[in-house]
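Visitor:
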Amino acid sequence: MTASLTHRPLVSVIVPTCNRPGLLGRALNSIRQQDYPSLEVVVCNDGEADISPVLAGFASSLDIVLSVSSPGQGVAANRNAGLIQAHGDLIAYLDDDDLFSPDHISSLATHLEETQAAFVYSDAYRSFWHDRDTDREAVYRDVPFSQDPDPGLLLVRNYIPTLTVLHRRECFETAGVFDETLKTHEDWDLWIRMSRSFSFSHLYHITCEYTVPFDGSSITGEQRKDFLDSLDTIYHRYQEYSQGDPAIGTAQSAMRRKMVREIAYPWLSTAKNLVRRWNRYKRVPRY
Numbered sequence: 044m045t046a047s048l049t050h051r052p053l054v055s056v057i058v059p060t061c062n063r064p065g066l067l068g069r070a071l072n073s074i075r076q077q078d079y080p081s082l083e084v085v086v087c088n089d090g091e092a093d094i095s096p097v098l099a100g101f102a103s104s105l106d107i108v109l110s111v112s113s114p115g116q117g118v119a120a121n122r123n124a125g126l127i128q129a130h131g132d133l134i135a136y137l138d139d140d141d142l143f144s145p146d147h148i149s150s151l152a153t154h155l156e157e158t159q160a161a162f163v164y165s166d167a168y169r170s171f172w173h174d175r176d177t178d179r180e181a182v183y184r185d186v187p188f189s190q191d192p193d194p195g196l197l198l199v200r201n202y203i204p205t206l207t208v209l210h211r212r213e214c215f216e217t218a219g220v221f222d223e224t225l226k227t228h229e230d231w232d233l234w235i236r237m238s239r240s241f242s243f244s245h246l247y248h249i250t251c252e253y254t255v256p257f258d259g260s261s262i263t264g265e266q267r268k269d270f271l272d273s274l275d276t277i278y279h280r281y282q283e284y285s286q287g288d289p290a291i292g293t294a295q296s297a298m299r300r301k302m303v304r305e306i307a308y309p310w311l312s313t314a315k316n317l318v319r320r321w322n323r324y325k326r327v328p329r330y
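For the sequence shown, the positions run 44 to 330 when the working numbering is used.
(1) For residue 256, which residues does DSSP report across the bridge?
(2) In whole angstroms, give me the CA-to-CA distance for residue 286 and residue 233.
(3) Would you kindly check if the distance between the Cβ of residue 90 and the Cβ of residue 62 is under 8 Å?
(4) Quick one: Cα of residue 156 to Cα of residue 51, how far?
(5) May I have the straight-line CA-CA distance separating residue 248 from residue 215, to the nearest angstrom?
(6) Whose C-alpha, out of 297, 110, 137, is nearest the C-alpha of residue 206?
(7) On the DSSP letters alone, give me the boundaries of the alpha helix (DSSP H) that residue 48 sits inside.
(8) Quick check on residue 167: does DSSP put it in helix, strand or coil?
(9) What three-state label does DSSP hand residue 244 in the structure shown?
(10) Can you tell me which of 195, 161, 273 puts its alpha carbon nearest to the alpha carbon of residue 289?
(11) Measuring straight from C-alpha to C-alpha, what distance separates residue 268 and residue 303?
(12) Kindly indicate which three-state DSSP category residue 238 falls into: helix, strand or coil?
(13) Using beta-carbon positions only, say whether residue 245 and residue 190 come within less than 8 Å of one another.
(14) Based on DSSP bridge pairs, tell me the residues matched to residue 184.
(15) I need the straight-line Cα distance from residue 141 to residue 300, nearest angstrom please.
(16) Give a yes or no on whether the C-beta atoms belonging to residue 119 and residue 225 are separated by under 8 Å.
(17) Spatial neighbours of residue 229 within its chain, please: CB distance less than 6 Å, with the 5 preceding and 5 following residues excluded, ordered by chain position.
(18) Do residue 67 and residue 139 count as a contact pair if the criterion is CB distance below 8 Å?
(19) Reducing DSSP to helix, strand and coil, say where residue 220 ends up.
(20) Grab me the residues of residue 219's own chain with a C-beta within less than 7 Å of its C-beta, minus the 5 sequence neighbours each way, in chain order.
(21) Identify which residue in 202, 57, 144, 279 has its Cα closest to the Cα of residue 135.
(22) Please classify residue 163 as buried or exposed, where buried requires at least 16 neighbouring CB atoms within 10 angstroms.
(23) Any heavy atom of the ligand ADP closer than 7 Å to the beta-carbon of residue 281?
Following this line, the structure appears as structure tokens:
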């Protein structure tokens, strides 16, 4: 896909990491395998684990900028520290437990140039693992999001995973950076702000993969409450955009009720997800 690009602007890939050097190495290796030649990797570390041996292993193959934050600042502050250090005209994101396909950057950069959009996003595999440190393969994969830009729907829920995004530098220079007061949904909040000032375009192509535990154990009851608090904050913050469309308000109410049920009965949500995932797992061919 890179052949159709008339020029190749520098892409800064923001990589937040926290105490997972093994996974960080996998993520960086997926960046090293990109078929796009003009890359800068901004590794944003707010953990206490020593990642210098990992970075040293990529020193000859990647242009790495290290940004160090105080421990425990959160992913929004960590990404923002990376944005400050970034030199690229285009910005991409990859958390330390996620992976790019080799054509991820080139596909999105080509789509950005062809559409003249300011913000593009692709599709991603959601990959379920029993143990990411020891398993060689995922239990199964699906694609939960493949949605064209819809400003109304974006006011209801986030359908743009962070790792699928490539945007021009001017997007965050105009719309601002990640809100560090939000414990969750900080990416969704930023996409809403960017969508009000810039054109978005969706690339129907799977170019990346993010991981979740097969048993749903990554989400605690406290985190579910954080989800609800952030949901309420975002709904209130952008209510001026939805006041003229009753359907948006109805959908927001339904989304909030769903979240309240999951907080009140977390075991029910986990059980349903496990049954659903097991049924899908049984349908995956085994060779």
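Note that the Cβ used here is the ideal one computed from N, Cα and C, for glycine as well.
This structure is a prediction, so every number in the text was calculated from the model and none was measured.
Guide: With the structure as the only source:
(1) For residue 256, which the question treats as bridged, DSSP gives the partners 172.
(2) Between residue 286 and residue 233, the C-alpha separation is close to 20 Å.
(3) With contacts defined by Cβ atoms closer than 8 Å, residue 62 and residue 90 form a contacting pair.
(4) The alpha-carbon atoms of residue 156 and residue 51 are separated by roughly 10 Å.
(5) Approximately 25 Å between the Cα atoms of the pair.
(6) Between residue 206 and the set 297, 110, 137, the nearest pair of CA atoms involves 137.
(7) Careful: residue 48 lies outside any alpha helix (DSSP H) and carries neither H nor E.
(8) Correct three-state label for residue 167: strand.
(9) Three-state result, residue 244: strand.
(10) Nearest option by C-alpha distance: 195.
(11) Cα to Cα, residue 268 sits roughly 8 Å from residue 303.
(12) Helix.
(13) Taking 8 Å as the Cβ cut-off, residue 245 and residue 190 qualify as a contacting pair.
(14) Partner(s): 170.
(15) As the crow flies, the alpha-carbon of residue 141 is around 30 Å from that of residue 300.
(16) Yes; because the gap between Cβ atoms is below 8 Å, this pair is in contact.
(17) Contacts found: 119, 221, 222.
(18) Taking 8 Å as the Cβ cut-off, residue 139 and residue 67 qualify as a contacting pair.
(19) Residue state for residue 220 is assigned as coil, using DSSP reduced to three classes.
(20) Cβ within range, chain order: 236.
(21) Closest option to residue 135, Cα to Cα, is 57.
(22) Classification for residue 163: buried.
(23) For the structure depicted, the ligand ADP is absent and the ligand set is empty, with no information on it obtainable.
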